[in-house]
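Numbering (the numbering used here), first residue to last: 2 to 346. Think of the CB as a built atom: it goes at the ideal place given N, C-alpha and C, for glycine as much as any other residue. For reference, the structure is listed below as structure tokens.
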Ligand SMILES: [Zn+2]
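Put into structure tokens, the structure is as follows:
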């Protein structure tokens with residue numbers, strides 16, 4: 002019963018990458034169209050090749066995805082695909098990360114946004130799903146000047162779908178402090194800071210993100226559990242964590258799904274949201290993430306609903322939109338429980 006509830010319940014997703022959401026089939030199509038050599042040529046083979054093996058392979062797929070995105074139409078296609086998939090899972094609102102600087106030598110920042118927005122407006126009208134954008138930059142590839150260009154561009158487009166600034170890439174060797182001036186500029190214009198931190202690096206990366214980058218939400222953040230003082234800070238300030246369990250297992254942040262610190266994080270009273278990160282690459286979806294946490298950790302429906310509502314609460318929508326969505330989600334939960342003949346609390 003809980004499985005049916007999860008499949009049908011309304012959802013919000015806060016940590017998912019546009020490039021990392023491209024389906025293998027679409028990538029194959031783009032590679033053929035743009036003459037990008039890839040090591041496979043059939044749907045079956047690309048699905049096998051796509052599935053996660055190790056970190057180097059993961060980076061390699063990301064590199065090829067970058068090469069395959071060459072035109073405005075390509076961005077439209079992947080955005081449309083993404084939104085269709087979100088709608089199929091009843092993910093009514095998504096804050097999606099993308100890395101514009103990776104593609105600007107082929108498609109300008111403005112054209113990338115134009116293409117994504119075209120798909121965004123269509124999806125709002127036709128599918129009833131909403132999208133907001135988080136441009137991010139890779140720590141290892143972004144010089145301060147480029148980061149400044151990105152943040153200024155993002156600030157100019159805050160009325161145009163952009164809702165926050167992200168930071169990704171390897172944490173080790175790239176402390177948050179290096180990007181302080183860029184995020185200071187974002188803060189000056191009320192552009193929210195949502196960096197990845199506490200995934201491959203421990204608590205000091207999260208502290209750095211809070212102190213130097215003024216993070217309002219932490220991408221991953223699961224390694225906060227290593228520092229009780231940090232846990233207390235995150236709890237006291239209810240800074241949301243964007244937890245992506247399958248991604249953590251595949252990338253070795255957690256040893257297995259069973260050993261993932263999620264139950265501990267919840268027990269500590271932290272504000273936890275569940276997300277899929279790079280779903281086709283990790284062989285998951287947001288729906289699967291919910292199914293897996295409920296099966297693995299035996300969460301009851303009350304905990305499940307609480308996590309879903311955390312995501313709405315932790316989104317960067319205006320407060321009235323958030324309150325309206327919380328009300329609507331609660332109504333849907335009641336309707337679904339009635340429909341499925343369950344009264345689970
Ligand atoms: Zn991520």
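- Going by DSSP, residue 255 is part of no alpha helix (DSSP H) at all; its letter is neither H nor E.
- Annotated as distal: residue 204 and residue 151, with beta-carbon spacing of 8 Å or more.
- Under the rule that a run must span 4 or more residues, the alpha helix (DSSP H) segments found entirely inside the segment 4-86 read 25-34, 44-51 and 56-69.
- Annotated three-state conformation of residue 94 is strand, per DSSP.
- Our two residues, residue 282 and residue 28, have alpha carbons roughly 12 Å apart in a direct line.
- For residue 337, same chain residues with a beta-carbon under 7 Å away, outside a window of 5 residues either side, are 6, 9 and 10 in chain order.
- DSSP places residue 157 within a helical segment (H, G or I) once states are collapsed to three.
- Secondary structure in the segment 159-235: the alpha helix (DSSP H) runs of 4 residues or longer, each lying completely within the stretch, are 181-189 and 204-213 in chain order.
- Between the segment 119-136 and the segment 47-59 there are fewer than three inter-stretch CB-CB distances shorter than 8 Å, so the stretches are not counted as touching.
- The continuous beta strand (DSSP E) containing residue 139 extends over residues 131-139.
- Boundaries of the beta strand (DSSP E) around residue 244: 242-244.
- Around residue 270, the same chain offers 236 as residues with beta carbons nearer than 8 Å, after the five sequence neighbours per side are excluded.
- For the pair residue 305 and residue 90, the Cα-to-Cα distance works out to about 16 Å.
- If you draw a straight line from the Cα of residue 225 to the Cα of residue 275, it is about 16 Å long.
- The segment 235-252 and the segment 198-217 touch, with no fewer than 3 CB-CB distances between them shorter than 8 Å.
- For residue 343, no beta strand (DSSP E) segment is defined, and its DSSP state is neither H nor E.
- The shortest C-alpha to C-alpha distance from residue 318 to any of 193, 26 and 294 is the one to 193.
- DSSP, read as helix, strand or coil, puts residue 298 in helix.
- Taking the Cα positions, residue 289 is about 26 Å away from residue 239.
- The three-state secondary structure of residue 283, taken from DSSP, is coil.
- Short note on residue 220: C-beta closer than 7 Å to some heavy atom of ligand 1.
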